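Single-structure report; data block below.
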Amino acid sequence: AANYSHPLRCYHDGQHIEDCLGWLDSYRNQVEDPDAVELAIWFHDACYSPDPAGHEQRGADLLRQLAGNKMDPQRLDKIYSMILHTTHQQSPLDAEQALVLDIDLASFARPWAAYLRDTARCRAEMRQLPDGEYCACQLGFLKQLLGREQIYYHPQFMADHEADARSNISHLILLLEARSRRLKSNNSIA
57 AANYSHPLRC
67 YHDGQHIEDC
77 LGWLDSYRNQ
87 VEDPDAVELA
97 IWFHDACYSP
107 DPAGHEQRGA
117 DLLRQLAGNK
127 MDPQRLDKIY
137 SMILHTTHQQ
147 SPLDAEQALV
157 LDIDLASFAR
167 PWAAYLRDTA
177 RCRAEMRQLP
187 DGEYCACQLG
197 FLKQLLGREQ
207 IYYHPQFMAD
217 HEADARSNIS
227 HLILLLEARS
237 RRLKSNNSIA
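Note that my numbering has the sequence shown beginning at 57, numbered continuously upward.
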């Protein structure tokens, strides 16, 4: 609770976890082990900071530390792996990992106004980055997502939300590209 309520967290906060758990409630019956998915959700951003590099590893390590020997080692390894997959550097190996990854990116499929609010909250967390650098980072990430064959992996989640996510991402890319051009133009004038 202390981690998720840290004052520097504008998006990766308690509300984000509530939103993720809401998405899980909608798809709970789509996986064999929804409780493992829920634990992965709780820990996937538990150690997020203004420099988020490695926060997934720190969150997975926190789970392992808190679980100690109170959890079956195989179950702990399974949840640990789910958390590490939220780096989005590799494809999921099973339905539970797929659902964790999809829920982590679920905000892309929200209605446009809610998606923009989430985007603004994410930007506020990265306030240390100059606008130009932030735009470049976001554009790279969004174009990478859009370039994937599919954004979402779980079949039902993908069927329900892929089109909305692609539309939102495409629209935001256009806005960020326009912002980036204005920033470059302003810098060349100065």
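Glycine included, each C-beta is placed from N, C-alpha and C at the ideal position. As the structure is a prediction and not an experimental result, all values here were calculated from the model.
Nearest to residue i by alpha carbon, out of the options?
i           : options           : result
residue 206 : 154, 105, 72      : 154
residue 201 : 212, 219, 189     : 219
residue 150 : 144, 184, 138     : 138
residue 17  : 73, 83, 133, 233  : Coverage of the chain is limited to positions 57 through 246, which leaves residue 17 absent and any answer about it impossible.
residue 146 : 191, 209, 127     : 209
residue 60  : 88, 105, 85       : 105
residue 171 : 86, 85, 223       : 223
residue 191 : 73, 234, 123, 227 : 234
residue 88  : 156, 184, 237     : 156
residue 165 : 214, 73, 148      : 214
residue 64  : 140, 183, 86      : 183
If we ignore side chains and look at the alpha-carbon of each, how far apart do residue i and residue j end up?
i           : j           : result
residue 198 : residue 225 : 6 Å
residue 181 : residue 168 : 20 Å
residue 78  : residue 162 : 11 Å
residue 101 : residue 90  : 18 Å
residue 187 : residue 231 : 13 Å
residue 112 : residue 242 : 37 Å
residue 103 : residue 115 : 5 Å
residue 126 : residue 110 : 25 Å
residue 71  : residue 174 : 11 Å
residue 143 : residue 196 : 15 Å
residue 204 : residue 221 : 12 Å
residue 122 : residue 148 : 25 Å
residue 57  : residue 94  : 15 Å
Which residues in the same chain have their Cβ closer than 7 Å to the Cβ of residue i, if we skip the five residues on either side of it in sequence?
i           : result
residue 66  : 177, 180, 181
residue 159 : 76, 79, 80, 97
residue 136 : 116, 119, 120
residue 19  : The structure shown has nothing for residue 19, since the chain only spans 57 to 246.
Keeping to the same chain, check which residues put their C-beta closer than 8 Å to that of residue i; ignore five residues upstream and five downstream.
i           : result
residue 75  : 162, 163
residue 240 : 188
residue 92  : 131, 134, 135, 138, 152
residue 227 : 168
residue 128 : none
Runs of alpha helix (DSSP H) lying entirely within the region 106 to 173, each at least 4 residues, in chain order: The alpha helix (DSSP H) runs of length 4 or more contained entirely in the region 106 to 173 are, from start to end of the chain, 111 to 123, 129 to 141, 151 to 160.
Every unbroken alpha helix (DSSP H) inside the region 184 to 232 [4 residues or more]: Listed in chain order, the alpha helix (DSSP H) runs fully inside the region 184 to 232 are 187 to 203, counting runs of at least 4 residues.
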